[in-house]
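A.B. asks: My questions all concern the structure below.
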Amino acid sequence: MTAEVSGAERLKGDADEPGWEVDPDDESGAAVVATVGRQLKLRREAAGLRAAELGDLIGYGEDLVYKVEAGKRIPRPEYLDKVDRVLKASGLIAAMKKDVEEVRYPKKVRDLAKLEARAVELLSYGNHNLHGLLQTEEYARALLGTRRPTLTCDELERALAARMARQGIFSRTPPPDMSFVLEEVTLRRPIGGTIVQHRQLEQLLELGRLPNVDIQVMPTDRWDHPGTGGRIQVLKFDDGAAVGRADEEFGGRPVSTPKHVRVLELRYGIIRAQALTPRESLALIEEVLGET
Numbered sequence: 001m002t003a004e005v006s007g008a009e010r011l012k013g014d015a016d017e018p019g020w021e022v023d024p025d026d027e028s029g030a031a032v033v034a035t036v037g038r039q040l041k042l043r044r045e046a047a048g049l050r051a052a053e054l055g056d057l058i059g060y061g062e063d064l065v066y067k068v069e070a071g072k073r074i075p076r077p078e079y080l081d082k083v084d085r086v087l088k089a090s091g092l093i094a095a096m097k098k099d100v101e102e103v104r105y106p107k108k109v110r111d112l113a114k115l116e117a118r119a120v121e122l123l124s125y126g127n128h129n130l131h132g133l134l135q136t137e138e139y140a141r142a143l144l145g146t147r148r149p150t151l152t153c154d155e156l157e158r159a160l161a162a163r164m165a166r167q168g169i170f171s172r173t174p175p176p177d178m179s180f181v182l183e184e185v186t187l188r189r190p191i192g193g194t195i196v197q198h199r200q201l202e203q204l205l206e207l208g209r210l211p212n213v214d215i216q217v218m219p220t221d222r223w224d225h226p227g228t229g230g231r232i233q234v235l236k237f238d239d240g241a242a243v244g245r246a247d248e249e250f251g252g253r254p255v256s257t258p259k260h261v262r263v264l265e266l267r268y269g270i271i272r273a274q275a276l277t278p279r280e281s282l283a284l285i286e287e288v289l290g291e292t
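With UniProt numbering applied, the sequence shown corresponds to residues 1 to 292, in that order.
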């Protein structure tokens, strides 16, 4: 009994942690959360329970129950599991986890993740920091912490969770072919401190050894390449379609017309040719790792 009470108190303390607030600018996401909240309220009332009573039964505070039912708070997966069990919903409430799973992440990140999930080939050049798919959680947290204006705790947790969720692309079957070109400075800049940098370099080596992943490094002394204007990314799909964007081209907006995508592919191809080979790049990463 004591363990159960202790667990309940822990959940009450964790329930309102950052990362689960509804983004008011995300209309589609807010609509999903509001619909789920209404369903939860109807089921609670049909069971003859007040919000405080339900909260006591599942180990969450009354205020959190009201926020979820009002569509102001995204219900955590364990919240839905507990409500399903208490209300004897036979899995119907727990099934809502799928509806709210993506809503936790910002809309623009959800859109990007959907594109990446469909891609059969990914080409990426970055000049200031590592691509999000390559980042460790600690590195990503430290990097997001450098944004200005400063992110709130909730915004940072949402952005971090979304970035980490995108890395499911590495476990896809069949996996997409992925090519990353990194600037040498991104290996040497100690984002988050030496320990974080060390683990990040180890992860680059792990990912760079995957058969479907090529990681190449652009040496700092090679200044005359067409990537000095910023990031370039191209995603290709199995139907032959493609979408891409570059910081200094087409106003920085995503493009999908073949003519525009070819411009980005051409630029990326030159960058890739001027960078170190994948084998040389892994050797350089190992060298930098040894220096940290």
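Glycine residues also receive a C-beta, built at the ideal position from the N, C-alpha and C atoms.
1) May I ask you to report which of helix, strand or coil DSSP gives S124?
2) Pull up the CB-CB distance for S243 and P254, whole angstroms please, since I reckon it's below 8 angstroms.
3) Please report the residue range of the beta strand (DSSP E) in which Q203 lies.
4) Quick one: what's I215 bridged to in DSSP?
5) For the pair the stretch 173-181 and the stretch 200-220, tell me if three or more CB-CB distances fall below 8 angstroms.
6) Helix, strand or coil for residue 327, going by three-state DSSP, please let me know.
7) Across the stretch 154-172 and the stretch 135-145, are there enough close Cβ pairs to call them in contact, namely three or more that are closer than 8 angstroms?
8) Near A3, which residues of its chain fall below 7 angstroms by C-beta distance, leaving aside the five closest residues on each side in sequence?
9) Within its chain, find whatever has a CB closer than 6 angstroms to the CB of I191; leave out the 5 residues flanking it on each side and keep chain order.
10) How is the alpha helix (DSSP H) around I271 delimited, first residue to last?
11) Around the Cβ of K259, are there at least 16 other Cβ atoms within 10 angstroms (buried) or fewer (exposed)?
12) According to the Cβ coordinates, are L87 and L134 closer than 8 angstroms?
13) Which of helix, strand or coil does DSSP assign to G168?
14) Under the rule that 16 or more other beta-carbon atoms within 10 Å means buried, what is S256, buried or exposed?
15) Can you give the Cα-Cα distance for Y66 and A119, rounded to whole angstroms?
16) Where do the ends of the alpha helix (DSSP H) carrying V65 lie?
17) So is K88 in contact with chain C if we call contact Cβ pairs under 8 angstroms?
18) Just to confirm, are I169 and A241 a CB contact at a threshold of 8 angstroms?
19) What do you get for residue 314, buried or exposed, if any count of 16 or more other CB atoms within 10 angstroms of its CB means buried?
20) Is the stretch 42-51 touching the stretch 73-80, taking contact as three or more C-beta pairs under 8 angstroms?
21) Could you check whether R231 and G126 sit closer than 8 angstroms to each other, using their CB atoms as the reference points?
22) In whole angstroms, what is the alpha-carbon distance linking V217 and T150?
C.D. replies: Here's the rundown:
1) Position 124 of the sequence shown holds residue 124. Here S124 sits in strand by DSSP.
2) For the purposes of this step, residue 243 is taken as the residue at position 243 of the sequence shown. For the purposes of this step, residue 254 is taken as the residue at position 254 of the sequence shown. A small fix is needed here, since residue 243 is Val in this sequence, not Ser. Right, their Cβ atoms sit about 6 angstroms apart.
3) The residue given as residue 203 occupies position 203 in the sequence shown. Taken as a continuous stretch (DSSP letters only), Q203 belongs to no beta strand (DSSP E), being part of the alpha helix (DSSP H) at 194-208.
4) On the sequence shown, residue 215 is found 215 positions in, with the first residue counted as 1. In the DSSP output, where bridge partners are listed per residue, I215 has F180.
5) yes
6) Only positions 1 to 292 of the chain appear in the structure, and residue 327 is not among them; the question remains open.
7) yes
8) By 1-based counting over the sequence shown, the position of residue 3 is 3. Its pLDDT being 40, under 50, A3 is placed unreliably in this model, and the coordinates cannot settle the point.
9) Here the question's residue 191 lines up with position 191 in the sequence shown. Taken in chain order, the residues that qualify are Y139, A142, L143.
10) Counted from its first residue, the sequence shown places residue 271 at position 271. Looking at the DSSP string, the run of the alpha helix (DSSP H) that includes I271 is 258-274.
11) Indexing the sequence shown from 1 puts residue 259 at position 259. Counting Cβ neighbours within 10 Å, K259 comes out exposed, since fewer than 16 surround it.
12) Start at 1 with the first residue of the sequence shown, and residue 87 comes out as number 87. Start at 1 with the first residue of the sequence shown, and residue 134 comes out as number 134. No.
13) Position 168 of the sequence shown, counted from the start, is the residue given in the question as residue 168. Note: G168 maps to helix in three-state DSSP.
14) Within the sequence shown, numbered from 1, the residue matching residue 256 stands at position 256. When all chains shown are included, S256 counts as exposed.
15) For the purposes of this step, residue 66 is taken as the residue at position 66 of the sequence shown. For the purposes of this step, residue 119 is taken as the residue at position 119 of the sequence shown. Y66 and A119: Cα-Cα distance of roughly 40 angstroms.
16) For the purposes of this step, residue 65 is identified with residue 65 of the sequence shown, where counting begins at 1. Counting along the chain, the alpha helix (DSSP H) containing V65 begins and ends at 62-69.
17) Here chain C cannot be found, since the structure has a single protein chain.
18) As a first step, residue 169 must be located in the sequence shown, where it is residue number 169. As a first step, residue 241 must be located in the sequence shown, where it is residue number 241. In this structure, A241 does not lie closer than 8 angstroms to I169 by Cβ.
19) Nothing in the structure corresponds to residue 314, since the chain is present only between 1 and 292.
20) no
21) Position 126 of the sequence shown, counted from the start, is the residue given in the question as residue 126. Position 231 of the sequence shown, counted from the start, is the residue given in the question as residue 231. Cβ distance < 8 angstroms, so G126 and R231 count as in contact.
22) Start at 1 with the first residue of the sequence shown, and residue 217 comes out as number 217. Start at 1 with the first residue of the sequence shown, and residue 150 comes out as number 150. Near 30 angstroms, if we compare the C-alpha coordinates of T150 and V217.
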